[in-house]
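Some notes on the structure that comes next.
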Ligand SMILES: Cc1cc2nc3c(=O)[nH]c(=O)nc-3n(C[C@H](O)[C@H](O)[C@H](O)COP(=O)(O)OP(=O)(O)OC[C@H]3O[C@@H](n4cnc5c(N)ncnc54)[C@H](O)[C@@H]3O)c2cc1C
Ligand code: HEM
Ligand code: SF4
Ligand code: F3S
Ligand code: FES
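Chains as they are written, first to last, in our numbering: chain A, 746 to 875; chain B, 1335 to 1457; chain C, 74 to 686; chain D, 2 to 292.
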């Protein structure tokens, strides 16, 4: 056979501007999933200070909480978790074969809801930080 | 004609467990977030409070299941993602056992911490 | 250049080719399909209506045969027609057993519906996509049996021995051009070659046929010495979309769709084309009415009239004619719920083709044909809707079986020039056939005959095709597309639904001009990889040959029978014209002669009656 | 007005001296002549047409054998617009009038042969089924992504066909009624498989799926084909079991991440994602016998 042209990786990642709702949902779900599992590991690591005793535990937690950046990261974490949950529920419905026609709409709804919840939670998360 | 795929590793169990843990996690994660960020603000957390909660068997069991479910769900998800990216052969075997070991360590450490958090008060 | 050897080589993988391959395989032969398109891309997939088969109580194959003979305007051969009608039920159920997704009745049996010209609702269907299911179901069976398929392999010529008399010739195989690599391959057939290359619709500018329907098989068989039969009979469908030729089914008119001219008149009634039936008159009547309207200045742009179904109401349309909405919007950019659809007649089906007997065999030993490219003849002067698909499976299977093993009942239909009853004597305005140039015959002829052992014959043919391809590649010539469009233009202008002597003669001259210009074509794409330019160039040559035969037959036949209409001869003339037209290539000097129509069936004779419905 | 002769055309001329070395002189001459006559035709076109009446196509070109096409490029074609014109019509016009080496598969012109699935303005569609005036101009026409390009718009379909073959795409019931008796199938069951039987093997779905890209994932079309048989009650339980095993293999249904792009692009509107999901549930049910 004569040689043919393989357009390679450009094909896989270069076309993101042309992604449809379902593809974005997939990308975001992956991303949020990875963040969450990453967080789970750090979370346990931080909580491990409990073994060292109360002062260590309290100190670490409160020390972290005192950092503004951590507060912002918490908002981010919430957004990530909320999106993952909402889209996860969307995916569960898809798995059950329910509402497939509205798959794009439910994705947009998840996005909007995530945004709304994240914004609404800012006062709580940032409360007492300043 | 195409050769048939011979690897008969059926993935339906892991697929199903991923969904089952997801359903479980929706509930517990929401509960967890509410409790530790909205009811008790994170910056107010102290070991004393934690110990109080952990000492209740129900809460302890919930948290440990949360940990196990979350770890399975997350690590299995990561593994699936890598397989989808086309990881094959030896690297795949390494990743697989690597992830299993890491998960077990995480769970073990988690339980150890949770146990410590009870301060031996678990009734 | 590679030589492939098989017992049976089937050229073409539409409904007829696939069925032939399966039959040959079941008869124990090592069979290969050689096709220019991947099998599932064949145009059989476009058939919508259904398959006629007498399956139910109250129906019988005899009734089906009667309807078919009447529909053929008594130009069908009774032994062929009866074979079709007898075998069709079994073949249709065979498809069901292979899993074809037929529409179903409440009791779980396959559905049948009424169709034009049938005395019983015996058209077995699978939604509005019967052909698609038929094609895919048979391809599945080919995959199941592991039959070798050489796809995207364009057959450029047959390898036939060079005996003087075509009836002594033997077909030893064929030559394929691998489209993807540009390599020429020889195919040696130990038992036989079955041609199943489909219709020649691309002779016309406007057709419901696919772009690949260039009738290559007819042209190759013709040049090898097999006569082409009844080529003047071409069915035109009255309602096709002007931009693409996509067919709008009779269903629209059946449900009450109305045809209007540009004065907004319902011309079928107002101009008296069909005072009783109006839009529901038979295909040829409606097609001629439309062309008359356009010619008299009452058409829309694109030579179209309007087909309006808005008055049926959105609900009824979406319920019964939903696919029409998609067709009109996708292919014509017209929403039929909002505006009328432009339609015009388009070439639809070729009743004529390669002369064969009921076993699919031609006068050349080891050469078979089946499907639209063949003329057995079951359709005579006019094909009934739903009779082509059964033809594919019935005669496809028979051809495949016979090619695989020579046994089986002898045929009643005689082939070759020994069946000749009379040689035609007509005036032609120009030379016909081969252009004498002395040198570049390879390009112009596309093939020659050879002697020697089977392998030698194939090897010589291979060598000759190689030369032909090289010449085309190297010639500094004109684009075949120009020649093709001239050809299509004159055919559309002069050999359409209306035919008269002057026009037909003009067409012959134009075809001659095309043939002469074809001597100068060249392929400008220098690449060997997927050179479609080369393939289309060869196809154009095949179209020229067939157009000439078609027009010659149309000029000779001075009567109005079935789909063939002549201006100064507006009645059917049974005493004079109850005969088939045959055109033989005669090594480059086309000859027209006639053979008998066989009206004598198994147990009865079909007496010609007036064809009125 | 612009002509269809693109930047690349001048590149081609710049490369002339190289080409003469590996092309027969006659061919070279012919190409040149061809170009000149194309230019003339173009001019003829330009004088009669105004810009609004033409459609601007940008078409992907590549040919492993032709020097100036070895590096993929886009050529511009300006085609006189007509009502009802499809992308395929425009391509045919370009080929027949401007450049006979423009290569693409096509046949039926009515969305049934599945030859001309292309990447048109960033999405997989059939050229013949896409009205050109519904698209933004210039209309960008590329071969299907995720498949190797053989030449111009022609891609290698082998992988797709192989995947189709993997699911044993044929009816296998051995226990058939005799003679002219049919296998009975109720209407509901026929209705259930109806959409899945409409596939025309165009490969659009496979090309649109990120998971199928590069990997060995069976892909939506093949899984849909399996669905067609799994759900067909005329095939017995044993076969169903066997089929479920095939689609459950490593590269089967579990690879699907419900991206829905296959469903979005399928020209036959087959609910592919739904079929895949149903098979997943079917497989789980089947394995959890107590369901
Ligand atoms: C729109 C439409 C609707 C129709 N509806 C009906 C209907 O409802 N009922 C009915 O009975 N009939 C119908 N017909 C007619 C019927 O579909 C056709 O006559 C029939 O499908 C022809 O089948 P075939 O196998 O002879 O050829 P095709 O299906 O056309 O196949 C031809 C094969 O030959 C191959 N081939 C051609 N040339 C070459 C070559 N040079 N080298 C190698 N391979 C080659 C092609 O690749 C292809 O595989 C319809 C036709 C059309 C166009
Ligand atoms: C709380 C409710 C949650 C729900 C409903 C949920 C749902 C899902 C679902 C359905 C998937 C599978 C996607 C697929 O295979 O197509 C998934 C993947 C994943 N989840 Fe969750 N999940 C939740 C919580 C979590 C948590 C707490 C973590 C972190 C520990 C997590 C980490 C992941 C990861 C890493 C993936 C894999 C993503 C990928 O494909 O790369 N999830 N989730
Ligand atoms: S499922 Fe749809 S998109 Fe995929 S090959 Fe079949 S028809 Fe094409
Ligand atoms: S796009 Fe691919 S991921 Fe699944 S839903 Fe379709 S197969
Ligand atoms: S040309 Fe056949 S699908 Fe478009």
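In this text, a Cβ means the ideal position worked out from N, Cα and C, and glycines have one as well.
Considering residue i, what are the terminal residues of the alpha helix (DSSP H) in which it resides?
| i | result |
| --- | --- |
| residue 1379(B) | Here residue 1379(B) belongs to no alpha helix (DSSP H), and DSSP marks it neither H nor E. |
| residue 857(A) | 848 to 871 |
| residue 397(C) | 395 to 405 |
| residue 1369(B) | Here residue 1369(B) belongs to no alpha helix (DSSP H), and DSSP marks it neither H nor E. |
Name the two residues that bound the continuous beta strand (DSSP E) containing residue i.
| i | result |
| --- | --- |
| residue 667(C) | 664 to 669 |
| residue 494(C) | 493 to 496 |
| residue 380(C) | 378 to 381 |
| residue 244(C) | 244 to 251 |
| residue 259(C) | 256 to 268 |
Determine, using beta carbons only, whether residue i and residue j come nearer to each other than 8 Å.
| i | j | result |
| --- | --- | --- |
| residue 466(C) | residue 431(C) | no |
| residue 504(C) | residue 371(C) | no |
| residue 82(D) | residue 55(D) | yes |
| residue 208(C) | residue 322(C) | no |
| residue 163(D) | residue 63(D) | no |
| residue 186(D) | residue 181(C) | yes |
| residue 451(C) | residue 210(C) | no |
| residue 785(A) | residue 829(A) | no |
| residue 205(D) | residue 125(D) | yes |
| residue 113(D) | residue 119(C) | yes |
Let me know the secondary structure DSSP gives residue i once reduced to three states.
| i | result |
| --- | --- |
| residue 173(D) | coil |
| residue 124(D) | strand |
| residue 103(D) | coil |
| residue 828(A) | helix |
| residue 109(C) | coil |
| residue 162(C) | helix |
| residue 1445(B) | helix |
| residue 179(D) | coil |
| residue 373(C) | strand |
| residue 789(A) | helix |
| residue 22(D) | Low confidence applies to residue 22(D): its pLDDT is 38, below 50, so where it sits in the model is not reliable enough to give any reading. |
| residue 443(C) | coil |
| residue 784(A) | helix |
| residue 655(C) | strand |
| residue 277(C) | coil |
| residue 44(D) | Low per-residue confidence applies at residue 44(D): pLDDT is 42, beneath 50, and the placement is therefore not dependable, though the value from the model is reported in the following sentence. Reduced to three states, the DSSP call for residue 44(D) is helix. |
Is residue i near ligand 4, going by C-beta to nearest heavy atom under 7 Å?
| i | result |
| --- | --- |
| residue 1406(B) | no |
| residue 248(D) | no |
| residue 274(D) | yes |
Can residue i be considered in contact with ligand 1, in the sense that its beta carbon sits closer than 7 Å to one or more heavy atoms?
| i | result |
| --- | --- |
| residue 224(D) | no |
| residue 610(C) | no |
| residue 109(C) | yes |
Heavy atom of ligand 5 less than 7 Å from the Cβ of residue i, yes or no?
| i | result |
| --- | --- |
| residue 107(D) | yes |
| residue 128(D) | yes |
| residue 115(D) | yes |
| residue 297(D) | This structure cannot speak to residue 297(D), because chain D is shown only from 2 to 292. |
For ligand 3, is there any heavy atom lying closer than 7 Å to the beta carbon of residue i?
| i | result |
| --- | --- |
| residue 210(D) | no |
| residue 221(D) | yes |
| residue 266(D) | yes |
| residue 213(D) | no |
Kindly indicate if chain G contains any beta-carbon less than 8 Å away from that of residue i.
| i | result |
| --- | --- |
| residue 1360(B) | Here the protein chains are A, B, C and D, and chain G is not one of them. |
Pick out whichever of the options has its Cα sitting closest to the Cα of residue i.
| i | options | result |
| --- | --- | --- |
| residue 304(C) | 391(C), 238(C), 621(C), 647(C) | 621(C) |
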